[in-house]
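Shown next, in C-alpha cells, is the structure this report addresses.
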Amino acid sequence: MIRTLTIRRPDDWHLHLRDGAMLRGVLPETARHFGRAIVMPNLVPPVVTAADAVAYRDRILAALPEGADFTPLMTLYLTEQTDPEDVAAAYQDGSVAAVKLYPAGATTNSASGVRDFDKVRGVLDRMAEIGMPLCVHGEVTDPEVDIFDREAVFIDRVLDPLRRATPGLRVVMEHITTSDGVAYVADHHKDIGATITTHHLIINRNHILAGGIRPHYYCLPVAKREKHRIALVEAATSGDRRFFLGTDSAPHTDAAKQGACGCAGIFSAPNTLSCLAELFEAADRLDRLERFTSLNGAEFYGLKPNAATITLTRGDPMDYPETLDTGAGPVTVFDPGFPLHWHVA
Ligand code: NCD
Ligand code: ZN
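Next up, the structure:
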C-alpha cells in the first residue's frame with residue numbers, strides 16, 4: 001500500500017474567499033495547501049471592473065499569513081455593462097485571469113448577472129480574440145425548469161449556442177454535477193475544460209435529503225443522483241486534461257446556513273486534499289491525483305505547474321475541527337462521512 005505521495009503544489013480553480021473578517025478567517029485554510037486559486041468575484045457588491053479586482057487582490061494579499069506561498073488569480077463578474085476594453089487590458093497586464101458568467105439569479109449574490117446574452121457579445125468576442133477564459137456557472141434560472149435539471153438544460157439552451165456563436169472562446173464549465181456535463185466536455189475537444197468540486201465527488205442528493213435535511217450539504221449546483229456522482233469520479237480520476245479541481249469552497253456562517261431558508265455553499269478548504277486522496281485511493285487512481293489537483297488546470301490556463309511540492313502521508317484518521325471560528329462567526333467544515341487517513345505535510 002502506498003503510504004506517502006509527493007505531488008506538485010495544487011491549485012484551486014474555483015474558490016470563494018469573501019472579504020473582511022470572513023476572508024481573514026478562511027484564507028489561511030487555502031493558502032496552507034494551495035499555490036494559486038481562481039477567486040470568485042461574487043462579493044456584495046460584485047467585482048466588476050479591473051480596478052475592483054486589483055483592490056480585492058490587495059485585500060487578499062494583506063490578509064495572507066506571514067510566509068504564505070499563495071497567489072490569488074482574480075476574476076471579473078460579467079454584467080451587461082462590462083466594458084470589453086477594461087476586461088482585455090486587465091487580462092493583458094496580468095491583473096485578471098478570467099471572466100465569470102453568472103446567469104442572473106442562479107446562485108448566491110448573482111443578481112447582477114447576465115439576462116440578455118446579446119448585451120455581452122462584445123465582451124465575449126474580445127475574450128475569444130485574446131484567449132481569455134470564461135468561467136461559467138452552468139445553470140438556467142427559468143423557474144419552470146426543475147432544479148435537478150438546470151445544468152443539463154443550460155448546456156443545450158445556453159452553453160452550446162454561446163460557444164457556437166463565439167468561435168475560439170475558451171470556456172470553463174464550472175463545478176459540473178452531471179453525466180451530461182461530463183459528456184459535453186468529453187465530446188468537445190477544443191477550448192473547453194471543466195472544474196469538479198471535492199464535495200460533488202463524494203455526496204449525492206440523498207446526503208442532503210435522506211433521514212433529515214442537512215444544510216451543510218446544500219450548495220449550487222445542487223448534488224444530483226448517484227449515477228452522476230459516479231460519472232464525475234470517472235472524469236476526475238481519468239487523467240483527462242480537461243477536468244481539474246475547483247473546490248467551490250464557499251463559506252457561510254452556520255447562522256446563514258441553518259435557518260428556514262439556508263444559503264447555498266459548502267466549505268471544504270481545510271480538508272479538501274485529504275478527501276481527494278482518500279477518494280482517488282479508493283478508485284485505485286492515486287497516481288492521477290496530481291493531474292487533477294496540480295497539472296490540468298494550470299495547463300488550461302496557460303500557466304506552469306507550481307514548482308513547489310506537497311507530501312501526503314497515510315496514517316491514523318485525521319482529527320480536524322467540525323467548525324472553523326472566523327471573525328464573522330463559525331463556519332462548518334465539509335464532512336465527507338468517512339475517515340480521512342491522508343495528512344498533508
Ligand atoms: C456559492 C457562494 O456561496 O458564493 N455557493 C455555492 O453553493 N456554490 C456560489 C456559487 O458558486 O454558486
Ligand atoms: Zn462557486
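Sequence positions in the sequence shown follow my numbering and run 1 to 345. Glycine included, each C-beta is placed from N, C-alpha and C at the ideal position.
| Check | Outcome |
| --- | --- |
| Which residues bound the alpha helix (DSSP H) around residue 89? | 84-92 |
| Assuming residue 330 is part of the beta strand (DSSP E), what are its boundary residues? | 329-332 |
| Closest by CA to residue 176, which one among 229, 100 and 131? | 229 |
| Return yes when the C-beta of residue 204 is under 7 Å from any heavy atom of the ligand NCD, and no when it is not. | no |
| Answer yes or no: the CB of residue 40 versus the heavy atoms of the ligand MN, is any distance below 7 Å? | Summarising the ligand content, the structure contains the ligand NCD and the ligand ZN and does not contain the ligand MN. |
| Could you have a look at residue 261 and say whether DSSP puts it in helix, strand or coil? | coil |
| Within the same chain, show all residues whose beta-carbon is closer than 6 Å to that of residue 84, passing over the 5 residues directly before and after it, in chain order. | 122, 123 and 126 |
| Check whether the region 19-32 touches the region 78-96, taking contact to mean three or more Cβ pairs, one atom from each stretch, closer than 8 Å. | no |
| Who pairs with residue 249 in a beta bridge, going by DSSP? | 15 and 266 |
| For a test of the three-state rule: what should DSSP assign to residue 64, helix, strand or coil? | coil |
| If you reduce the DSSP assignment to three classes, tell me which class residue 148 lands in. | helix |
| Under a Cβ-count criterion, where at least 16 other Cβ atoms within 10 Å of its own Cβ denotes burial, should residue 1 be classed as buried or exposed? | exposed |
| Below 6 Å CB to CB, which residues in the same chain sit around residue 106 once its five sequence neighbours on both sides are set aside? | 137, 139 and 141 |
| Counting along the chain, where does the alpha helix (DSSP H) carrying residue 125 start and finish? | 121-130 |
| Which two residues bound the contiguous beta strand (DSSP E) that contains residue 77? | 71-77 |
| Judging by CA-CA distance, which residue of 13, 3, 7 and 5 is the nearest neighbour of residue 302? | 13 |
| Applying the 10 Å Cβ sphere with the 16-neighbour rule, what's the burial state of residue 61? | exposed |
| Between the Cα of residue 305 and the Cα atoms of 273, 314, 295 and 256, which residue gives the shortest distance? | 295 |
| Would DSSP call residue 3 helix, strand or coil? | coil |
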